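Accompanying notes for the structure given below.
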Ligand SMILES: [Zn+2]
Ligand SMILES: [Zn+2]
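Numbering (the numbering used here), first residue to last: 770 to 1043.
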């Protein structure tokens, strides 16, 4: 289950990459700057993975297999459209319950600084472009490696990554959440209000489950979830059975609730008059 995985401190690993990049950049020669670009690509990746940790309970398990920052950030944005935006935190004492204190009484705690999906993608790609040898065609066309451009780009990326990594606040994930247990696999599903459509429903994040639930408001802050099911009559005893729609796959089997016999779902073509 997603909640129990143990990973190294990604921010710490990112800081180590950044420190190596800074040292290499300071040398200023082309091979060193090239290696600095590689370390900075890793820094962007580790920062992105660290941010993903804030959304582990919400994103599908497959999101953890993705490595390109733009894909990882896209997964986070699926569950939180503001996942790639910086957020500032401030605290203050409410004089009246539910009424925020005036702005001058708020004490700024800091900022969870994040790069956007576009920034991460553009810079990850630009740094990657420096990690290739010039092709024979490029050499013949008179292209030379651009050391000054490489240094400029690398320094800008290092500055942004440093600003993110020195921020005392990180992995902020505020929202109105609801939680329920998957009836099929038992996974505890957490979702942010407004992060799904009525049509799409809420999907269990476990790769080999994928049960889909319809959600409707209940009393007060409660919600009611319904597993999307299909009905079928047992071919042996004719009893009415229900099965999660996600389990109705060609060749999959299920047991009849009344007589216990096994049925197999079969996909087929039929002909109709048009
Ligand atoms: Zn499930
Ligand atoms: Zn039956």
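Each residue gets a CB set at the ideal place from its N, CA and C atoms; glycine is no exception.
Remember, predicted model here, so these are calculated numbers, not experimental data.
Counting C-beta neighbours from all protein chains within 10 Å, is the total for residue 770 16 or more, i.e. buried, or is it exposed? Low confidence applies here, because residue 770 scores a pLDDT of 47, under 50, leaving its location unreliable and the question unanswered by this model.
Drop a sphere of 10 angstroms on the beta-carbon of residue 1045, count the other beta-carbons inside from all chains shown, and report buried for 16 or more, exposed for fewer. The chain is shown from 770 up to 1043; residue 1045 falls before or after that span and cannot be answered.
Let me check understanding here. Comparing Cα to Cα, which of 816, 940, 914 and 841 lies closest to residue 879? Per the Cα distances, 940.
Tell me, please, which residues DSSP counts as bridged to residue 986. BP columns for residue 986 point to 992.
Would you check whether ligand 1 has a heavy atom nearer than 8 Å to the C-beta of residue 979? Yes, ligand 1 has a heavy atom inside 8 Å of this Cβ.
With three or more beta-carbon pairs closer than 8 Å as the criterion, would you say the region 916-927 touches the region 828-835? Segment contact: the region 916-927 against the region 828-835, fewer than three CB-CB distances shorter than 8 Å; contact not assigned.
Check each residue's C-beta against every heavy atom of ligand 2 and list, in chain order, those closer than 5 Å. Working through the chain, the matches are 1003, 1005, 1006, 1008, 1025, 1027 and 1028.
Taking C-alpha atoms, which residue in 1011, 998, 849 and 806 lies nearest to residue 898? Per the C-alpha coordinates, the member of 1011, 998, 849 and 806 positioned closest to residue 898 is 806.
Have a look at 850, 903, 808 and 822 and flag the residue whose alpha-carbon is nearest the alpha-carbon of residue 961. For the residues 850, 903, 808 and 822, the minimum Cα distance to residue 961 belongs to 850.
What I want to know is whether the C-beta of residue 849 ends up closer than 8 Å to one or more non-hydrogen atoms of ligand 1. It does not: the Cβ of residue 849 is nowhere closer than 8 Å to a heavy atom of ligand 1.
On the DSSP bridge assignment, give the partners of residue 826 in chain order. Under the DSSP definition of a beta bridge, residue 826 lacks any partner.
Express the C-alpha separation of residue 866 and residue 875 in angstroms, rounding to a whole number. Rounded to the nearest angstrom, the two C-alpha atoms are 16 Å apart.
Who are the Cβ neighbours of residue 860 in its own chain at under 8 Å, not counting the five residues just before and after it? Cβ-Cβ distances below 8 Å link residue 860 to 875, 876 and 878 in the same chain, with the five nearest sequence neighbours on each side left out; the list follows chain order.
By Cβ distance below 6 Å, which residues in the same chain neighbour residue 1011 in space, the five residues on each side in sequence not counted? In its chain, beyond the 5 residues on either side, 998 and 1000 have a beta carbon closer than 6 Å to the beta carbon of residue 1011.
Going by other Cβ atoms of all chains shown within 10 Å of its Cβ, with 16 needed for buried, is residue 955 buried or exposed? Burial call: exposed.
DSSP state of residue 1009 mapped onto helix, strand, coil: In the displayed model, residue 1009 falls within a strand according to three-state DSSP.
Could you check which residue in 796, 892 and 972 has the C-alpha nearest to that of residue 839? From the listed residues 796, 892 and 972, the smallest Cα separation to residue 839 is found for 892.
Which residues in the same chain have their Cβ closer than 8 Å to the Cβ of residue 1028, if we skip the five residues on either side of it in sequence? Around residue 1028: 1003, 1005, 1006 and 1008.
Does the beta-carbon of residue 948, which I'm using as the reference point, lie nearer than 8 Å to any heavy atom of ligand 1? Incorrect: residue 948 has no Cβ contact closer than 8 Å to ligand 1.
Mapping DSSP to helix, strand and coil, what is residue 1001? When DSSP states are grouped into helix, strand and coil, residue 1001 belongs to the strand group.
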